[in-house]
Amino acid sequence: MNSIAKTTTRSKKTRRLDPVQVMRADQYEALDVETKVECIRALIPLGLMHVQALLEAEVCTLAGARYARKAPHFPGRRHGSNPGSVRLAGQQVPLRIPRVRQADGEEEIPLATLPVFREQGFLDDVLLKRVLYGISCRNYEVAAAAVPGAMGLSSSTVSRAFTQASAKQLQALQDRDLSKLDLVAIFLDGKTFADMTMVVAMGIGLTGKKHILGFVETGTENEPVLTAFLQSLSDRGGEVSQGLLVIIDGGKGLRAAVRQAWGASALVQRCQWHKRENVVRYLPKGEQAHWRTRLQRAYRQPTYEQARKALARLQQDLERRNHSAARSLAEGMEETLTLHRLGVFPLLGESFKTTNCLESINAMVEERCAKVDRWVNSSQRQCWLAAALRDIEPRLRRVKGYRHLPKLRVALQRDLNIKGTTASKVA
């Protein structure tokens, strides 16, 4: 069967013009600053043209067409124009604003269209994304020079605007309602900002969608702070009574906090990658590749019995080679096999056996925060992190194997002895 492109007769116009190339948002984000500025330079004149057209259309409805005879049914009359400005592409652009007065008086009639083009919210959103994507506050005015006469774009102005916009993102993240997410798993991992650690929580809904739940700032991963943070997720509607799988890197503070906050409603899957690296670091560098391969082979076993037997054999061999490495393997080993014990490792192991899902997000946060030379205070750290996470979240894909998540919930409820509605439907 021939394709449409082959069977369709081409007109003169299609022969003359190439197909329209539409740039996706992710393609635009990948452009360098100079290319982005060229895009702005090309689009701003079109934007100004349409703004002027909309303002003129409203004036015509109030006062009639320019140079037309006065009609009695118009409520206003034209009264020249004033210098003003509108916001386009994150910039305050000068523009002559038409004026209209009442037909039988001197009172000004405000244009309803004008406030829409002066809304600060849109400017904040555009500015926020540009700073996040690599235009520094100091260089923002240079980037804005694509429009001659653009106003209000000094380094201090951009810095204040970014602070205000990112503070809104932080507030939105902190106040987010979690009651409708239907969470089946939560990833917890820390990211370092200067001398402080930000522990980020990312939830996985039953449909496989990833949700940024929030974060907490702490000097170390200590139990009281993390327990309060996890309890705050429950207070905002994060439901754990149907059973929850919590994936962590193995930190003792995080493990204790999960136990304290969610108790018998959650099972912990410790990151197999972290466990493997913690074990091999006790061994000479020349031997690490060998033991790393053996650990990977053991964890790849499809059933709990097979994986547990392979790890037990490996632990015995390590006892003869390095007692410290053997003790490291034994510590928390059962929790590295939670997916195996639940019987869902072949279905969901790729997504949930490590904290990679969240660590990849932390890497994207690092890209957006790379321009910051110095972390000054807590507010700066939290606002930047919130802005980056909120920007990243819509781009996240569902976890691999998401169609099997109902089976994970059934397994969790069976293991935790929880009676749930999902179990009866899927089983």
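If you read the sequence shown in our numbering, its first letter stands for residue 6, the second for the next number, and so on. Note that CB positions come from ideal geometry on N, CA and C, so glycine has one too.
- For K215, there is no enclosing alpha helix (DSSP H); the enclosing beta strand (DSSP E) covers residues 215–223.
- Separation of the CB atoms of L250 and L231 is rounded to 17 Å, and the pair is thereby denied contact status at 8 Å.
- Linking I423 to A335 through their CA atoms gives a straight-line distance of about 29 Å.
- Taking 7 Å as the cut-off, the beta carbon of L188 is found closer than this to the beta carbon of G208.
- With contacts defined by Cβ atoms closer than 7 Å, V105 and L67 form a contacting pair.
- Between W278 and T359, the C-beta spacing is below 7 Å.
- Residue environment: Q274 is assigned as buried (16 or more neighbouring CB atoms within 10 Å of its CB, all protein chains considered).
- DSSP places H84 in the strand class (E or B) of the three-state scheme.
- Look at the beta carbons and you see the region 345–352 touching the region 296–314: at least three pairs across the two are nearer than 8 Å.
- Per the coordinates, the alpha-carbon of K214 lies some 7 Å from the alpha-carbon of R402.
- DSSP places A190 in the uninterrupted beta strand (DSSP E) bounded by 188–198.
- Rounded to the nearest angstrom, the gap between the Cα atoms of Q176 and K376 is 23 Å.
- In the displayed model, L394 falls within a helix according to three-state DSSP.
- Within the region 255–295, the complete alpha helix (DSSP H) segments of 4 residues or longer fall at 257–267, 277–285, listed in chain order.
- Taken in chain order, the complete alpha helix (DSSP H) segments of 4 residues or longer contained in the region 339–369 are 343–347, 350–357.
- Counting other Cβ atoms within 10 Å of its Cβ, A170 reaches 16 or more and is therefore classed as buried.
- When C-alpha distances from F234 are compared across H216, G248, V205, E244, the shortest belongs to V205.
- The C-beta of E226 has 16 or more other C-beta atoms within 10 Å across all chains shown, which makes the residue buried.
- Taken in chain order, the whole alpha helix (DSSP H) runs of length 4 or more contained in the region 310–344 are 328–335.
- Within the model, the alpha-carbon separation for L417 versus L53 is close to 58 Å.
- Contact check for I114 against G81 passes: the beta carbons are separated by less than 7 Å.
- Secondary structure of L238 (DSSP, three-state): helix.
- Taken through DSSP and simplified to helix, strand or coil, S383 comes out as helix.
- Between the alpha carbons of I217 and R400 lies a gap of roughly 12 Å.
- Taking the Cβ atoms as the reference, S246 lies roughly 6 Å from S270, within the contact range of under 8 Å.
- Contact between G255 and G337 holds: their C-beta atoms lie close to 6 Å from each other, under 8 Å.
- S356 and G291 do not touch by the CB rule: their CB atoms are close to 33 Å apart, not below 8 Å.
- A check of alpha carbon separations from L394 across R373, P411, A317, G354 identifies R373 as the nearest.
- Cβ-Cβ separation between R260 and I253: approximately 6 Å, consistent with a contact (criterion under 8 Å).
- Residue environment: A330 is assigned as buried (16 or more neighbouring CB atoms within 10 Å of its CB, all protein chains considered).
- Residue environment: V381 is assigned as exposed (fewer than 16 neighbouring CB atoms within 10 Å of its CB, all protein chains considered).
- Selection G354, Q293, E61, A108 evaluated against S86 yields E61 as nearest (Cα-Cα).
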